[in-house]
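Here's the structure we're looking at; comments come further down.
Chains as they are written, first to last, in my numbering: chain A, 16 to 187; chain B, 72 to 563.
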């Protein structure tokens, strides 16, 4: 069984608020599996990242194998399998942002935070030593009219310049 | 000067339009009330067909026709609203979701009524946290006001809308990828047929529509088919004899970004030219237009010779490009096309879902070739071979001249064409992601070949002046093949 080879140290469980939200979610779909993405979002919001313990818990909730959950987690870039910083900075580097000098903003962020850009398989590479920030490049954030843009956790920041980045980082 | 015609975006800037009360004051839900009071469901479906509404998500397929494929005797049927706006250069749905979510709900209600659908899932991209929040709040209000839930407005209809967050995968914007993702799996597209209209989400008949398409429905119902068809041109599709009417009716939310002075969303009638559009967006930022991407990054590029192309579904298809999602990216004379292609190919190499081998391996391969060229290490062979082009007889073939081979450019074209062949329009992959990769790869390379050649020759990124960077029209195969619908036989 694939479930047995995964070592679980501390079990994970939804807190009461998330459990309530999950119970509401699950009623929306004719099959439990369909609640996968919203459930994983909830779990990641609570735990910070999708650890094996989270996968096991979600698998139990949705009556699936752990492998099936891992299968989904590895497919989508928004799910993290490793710990990330308190603030996840996503910088768009697709064409419309590139035409508006997102490179300057990226270099400035790298210098300011003193970190490299995270890759999907190595999030620690883009995380600052104090665990406050994780810097990652993402594809188009659908805000090309206000390029270059970054997303800090759930918030979008528009028309960025190095000065605006300084101001933003100071307020975090 | 062309004027904007704001219909979908008319009340976008009204303060608090996201609340039920203010939306109601601006004709909100009146169109849905009209639909249930005056029309039978089938009549609404017929109206949409007559209005010639085409799907605004990318493929431009007739909405009415799509609805007619849905078997009405299989229960339950589903509606999936595609709000997974991820095509680079497209950002019109974001504003609808964030500022005027009730308009989308009204569109969904009309579609549900017409198709007898009880459950709608709005697949919203994971990064749209604000959009999801606003839509969720609007849905809650609509439930409270009796427009959603059981027995809507005492008509006996049960309609539920649920939002479903994505998680950052571009491929989930493809309709079957979206369905797989909605079912809680990896978003890997399905083989078609069966089409979603017959077997979609949970293997039940499913209508998949873009946000913008659904937002058009209240206006078609509210103002009538005649009013709607007055906007935008209707061409005769010359592939049929006699020409079949090919409507490009209604307005389009054009998203303009890149080198223009006022990037943004402009709602205009379909059928304007590139030049007019750039003018509307505050003019060009720079001296000269080098290239325009007309429909999101997947669309083949247009050169400065092709700026008179009309931006509608038919004209762009005939110009060997596509309107796609209406994401227009303008590039000025300082831009290097090799660099731009590299950026786009990095995007596709990252977003390939990994299901089909030609795409999984081919897309990173194409990216690596372009990277090599951009790094100044492009391969150039020294042998010569017959040159193909437009011959004296005016046909495509061996011109009798010889040319030097640029090995990497040939390789690029060969790899791209083996993912999806742009000349025959056949793809070796399950979904159209394959064609979205090879279209830009091949069209950039063919249309801006001098710039690619110079970069390989000199061993560094060379940005040529616009006139020199572009292949002249007489050597541009796509340009030679294009048909301008204006000159096509009138319908009558």
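Virtual Cβ for every residue (Gly too), placed ideally from N, Cα, C.
Between residue 87 of chain A and residue 256 of chain B, the C-beta spacing is below 8 Å. Interface with chain B (8 Å Cβ-Cβ cutoff): residue 70 of chain A is excluded. Residue 93 of chain B and residue 542 of chain B have their C-alpha atoms roughly 54 Å apart.
Rounded to the nearest angstrom, the gap between the Cα atoms of residue 233 of chain B and residue 50 of chain A is 11 Å. Spanning the alpha carbons of residue 140 of chain A and residue 146 of chain A requires a straight line of approximately 11 Å. At a cut-off of 8 Å, the C-beta of residue 256 of chain B has a neighbouring C-beta in chain A.
Excluding residues up to 5 positions away in sequence, 50 lie with their Cβ nearer than 6 Å to the Cβ of residue 44 of chain A in the same chain. The beta carbons of residue 175 of chain B and residue 285 of chain B sit closer together than 8 Å. Taking C-beta separations shorter than 8 Å and ignoring five residues to either side along the sequence, the partners of residue 535 of chain B in its chain run 521, 522 and 525, following chain order.
At a beta-carbon threshold of 9 Å, none of the residues of chain B lie near residue 163 of chain A; the nearest stands roughly 11 Å away.
According to the DSSP secondary-structure assignment, residue 469 of chain B is paired through a beta bridge with B:459. When DSSP reads this structure, residue 318 of chain B sits in a beta bridge with B:305.
Rounded to the nearest whole angstrom, the CA to CA distance from residue 169 of chain A to residue 79 of chain B is 27 Å. Between residue 116 of chain A and residue 163 of chain A, the alpha-carbon positions lie close to 7 Å from each other.
DSSP places residue 504 of chain B inside the alpha helix (DSSP H), whose first and last residues are 504–518.
For residue 90 of chain A, there is no enclosing beta strand (DSSP E); the enclosing alpha helix (DSSP H) covers residues 81–90. Here DSSP, grouped into helix, strand and coil, assigns residue 213 of chain B to helix. Scanning its chain for C-beta atoms nearer than 6 Å, with the 5 sequence neighbours on each side dropped, one finds around residue 341 of chain B the residues 303, 319, 323 and 383, in chain order. Taking a Cβ-Cβ threshold of 8 Å, the residues of chain A close to residue 400 of chain B are 110, 111, 114 and 159, in chain order.
In the DSSP assignment, residue 338 of chain B is bridged to B:324. Only residues of its own chain outside the window of five on either side were considered, and among them 106, 163, 165, 175, 176, 177 and 180 have a CB closer than 8 Å to the CB of residue 120 of chain A, listed in chain order.
Distance from the CA atom of residue 294 of chain B to the CA atom of residue 115 of chain B, rounded to whole angstroms, is 13 Å. Looking only at B:98, B:151, B:192 and B:124, the smallest Cα-Cα distance to residue 42 of chain A is reached by B:192. Rounded to whole angstroms, the gap between the alpha carbons of residue 317 of chain B and residue 122 of chain B is 11 Å. In this structure, residue 150 of chain B sits away from residue 205 of chain B, with a CB-CB distance that is not shorter than 8 Å. At least 8 Å separates the CB of residue 489 of chain B from every CB of chain A. Taking the Cα positions, residue 283 of chain B is about 15 Å away from residue 82 of chain B.
Counting every other CB atom within 10 Å of its CB across the protein chains shown gives residue 366 of chain B a total of 16 or more, marking it as buried. The alpha-carbon separation between residue 431 of chain B and residue 200 of chain B amounts to approximately 30 Å.
When DSSP reads this structure, residue 207 of chain B sits in no beta bridge, so it has no partner. Contact of residue 103 of chain A with chain B by beta-carbon distance below 9 Å is absent, the smallest such distance being about 11 Å. Boundaries cannot be given for residue 87 of chain B, as no alpha helix (DSSP H) includes it and DSSP labels it neither H nor E. Within the region 318–350 of chain B, 326, 327, 328, 329, 330, 334, 335 and 336 place their CB atoms closer than 8 Å to a CB of chain A, listed in sequence order. Inclusion of residue 482 of chain B and residue 440 of chain B in the CB contact set at 8 Å is warranted, their separation being smaller than that value.
Per DSSP, the beta-bridge partners of residue 236 of chain B are B:195.
The count of Cβ pairs closer than 8 Å, one atom from the region 503–515 of chain B and one from the region 397–416 of chain B, reaches three, so the stretches are in contact.
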